[in-house]
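Position one of the sequence shown corresponds to residue 1 (the UniProt record's numbering), numbered consecutively onward.
For every residue, glycine included, the Cβ atom is placed at its ideal position computed from N, Cα and C.
As the structure is a computational prediction, the values presented were derived from the model and not from experiment.
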Amino acid sequence: MSTAEKKLDSNPEILLKKRKNADRLRIEKQQQAKHRAEERQKQQNAKKSNNKFVRAETIVARKLASDRENERIKRVTKFDKMNYKLDDNDDKERLLFVVRIANPHMGNIPTRARKVLSILRLNKINQGTFVRLNKKVEPLLHLINPYVVVGTPSLSTVRNLIQKRATVKVDITEESDKTITPKEGEDNEESKPLEGHDFKIIALNDNNLIEEKLGDYGVICTEDIIFEIFKLGDAFLECNKFLEPFTLKEPVTGWGPLSKLERLEKKEESKLHQVSSKRNAPLNEVDIDKFIESQI
């Protein structure tokens with residue numbers, strides 16, 4: 001009888017234990033992730049349901065503002081359906097940086113506009129993302145024109161945003177399922193799992209992470225991401241998805257006299273800058289370099 005036939009075709013007991021523990025830990029991590037998601041949803045609902053007294057005039061004003069905004073969305077959608085023509089020869093793409101601003105009216109944001117904001121990942125005020133402007137994206141920007149400001153950033157602005165404000169989402173569920181190898185002299189029957197959440201947001205300061213996620217597209221460092229974003233390269237979509245929305249600072253902070261003066265000047269400027277509700281009106285474009293200069 002050969003040695004291969006004598007060898008038992010079975011796993012050792014310690015491997016069976018590890019597999020059993022791995023299955024149990026995976027189920028526990030899934031249940032913990034579900035519980036954390038439910039807790040986060042409860043906290044968000046608790047923040048929204050504030051029991052403040054609201055005057056009847058305020059309710060009526062909000063209702064009228066919401067109706068006007070719904071009518072604007074209908075006009076914009078109707079105009080796009082009647083006048084939408086896609087000509088590949090005239091489709092000139094350019095880079096835009098879109099920043100979410102405060103709502104200009106008291107009404108609720110319509111569902112269609114809120115969905116566009118969600119697609120662009122602009123769920124909070126003072127968040128911004130890069131967008132490739134073309135004839136397919138322009139109608140979407142007109143839907144959310146009152147809620148955002150857009151502009152063409154320069155190379156220095158793109159570099160400053162990515163180097164100073166770029167963050168990425170790292171999934172640590174798999175890392176939390178990993179086990180710590182015991183040292184010599186410790187009990188190795190059961191290993192301790194690493195504790196962690198579902199994901200975490202970290203600053204983009206590691207080229208190894210970039211090469212791991214975007215190496216298949218020829219992007220291996222921060223400078224490659226800057227080049228792909230600014231030049232609208234072939235890997236623009238992948239790089240833009242890899243980056244989380246940029247969270248900018250408030251333009252005016254503090255309670256001193258100079259801060260109060262700047263806040264008043266900013267309020268007066270906002271009164272002069274009126275956004276047209278017409279579909280054929282231009283986008284709410286500003287000097288984006290100057291706009292985010294003090295917010296990086």
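Burial state of residue i (16 or more Cβ within 10 Å)
{"i": "residue 228", "result": "buried"}
{"i": "residue 239", "result": "buried"}
{"i": "residue 153", "result": "buried"}
{"i": "residue 128", "result": "buried"}
{"i": "residue 214", "result": "buried"}
Member of the options whose CA lies at the smallest distance from the CA of residue i
{"i": "residue 206", "options": "163, 147, 233, 119", "result": "163"}
{"i": "residue 295", "options": "37, 56, 39, 161", "result": "161"}
{"i": "residue 147", "options": "106, 15, 92, 168", "result": "106"}
{"i": "residue 244", "options": "265, 62, 256, 168", "result": "168"}
{"i": "residue 233", "options": "291, 217, 293", "result": "217"}
{"i": "residue 246", "options": "202, 52, 198", "result": "202"}
{"i": "residue 300", "options": "200, 24, 150", "result": "Residue numbering for the chain in the displayed model covers 1 to 296; residue 300 lies beyond these limits and cannot be assessed."}
{"i": "residue 200", "options": "231, 46, 250, 170", "result": "170"}
{"i": "residue 230", "options": "103, 155, 35, 74", "result": "155"}
{"i": "residue 74", "options": "53, 251, 139", "result": "139"}
Span of the beta strand (DSSP E), counted from its first residue to its last, around residue i
{"i": "residue 201", "result": "199–203"}
{"i": "residue 129", "result": "127–133"}
{"i": "residue 150", "result": "148–151"}
Reduced DSSP category for residue i - H, G, I as helix; E, B as strand; rest coil
{"i": "residue 180", "result": "With a pLDDT of only 38 at residue 180, under the threshold of 50, the placement of this residue in the model should not be trusted; the figure read from the coordinates follows. Residue state, collapsed to three classes: coil."}
{"i": "residue 234", "result": "coil"}
{"i": "residue 214", "result": "helix"}
{"i": "residue 265", "result": "helix"}
{"i": "residue 93", "result": "coil"}
{"i": "residue 246", "result": "strand"}
{"i": "residue 34", "result": "helix"}
{"i": "residue 206", "result": "coil"}
{"i": "residue 260", "result": "helix"}
{"i": "residue 169", "result": "strand"}
{"i": "residue 187", "result": "Summary for residue 187: the model assigns pLDDT 41, below 50, so the residue's position carries little reliability, and this model does not support an answer."}
N-terminal and C-terminal residue of the alpha helix (DSSP H) that residue i is part of
{"i": "residue 76", "result": "56–83"}
{"i": "residue 111", "result": "111–119"}
{"i": "residue 158", "result": "155–165"}
{"i": "residue 291", "result": "288–291"}
{"i": "residue 281", "result": "Premise fails: residue 281 is in no alpha helix (DSSP H) and is neither H nor E."}
{"i": "residue 142", "result": "138–143"}
Residue i Cβ short of 6 Å to the ligand COA heavy atom set
{"i": "residue 122", "result": "Absent from the structure shown: the ligand COA. Ligands present: none."}
Would you be able to state if there are at least three C-beta pairs under 8 Å between the stretch 120–128 and the stretch 54–66?
Below 8 Å, too few C-beta pairs join the stretch 54–66 and the stretch 120–128 to call them touching: fewer than three.
Do the stretch 283–290 and the stretch 73–83 touch if we need at least three Cβ pairs shorter than 8 Å?
The count of Cβ pairs closer than 8 Å, one atom from the stretch 283–290 and one from the stretch 73–83, stays below three, leaving the stretches out of contact.
Within 8 Å, do at least three Cβ pairs link the stretch 35–47 to the stretch 206–220?
no
Using a Cβ distance threshold of 8 Å, determine whether the stretch 94–102 contacts the stretch 120–140, with at least three qualifying pairs required.
Of all C-beta pairs linking the stretch 94–102 to the stretch 120–140, three or more are shorter than 8 Å, placing the two stretches in contact.
May I ask you to verify whether the stretch 68–80 touches the stretch 109–118, counting CB pairs closer than 8 Å and requiring at least 3?
yes
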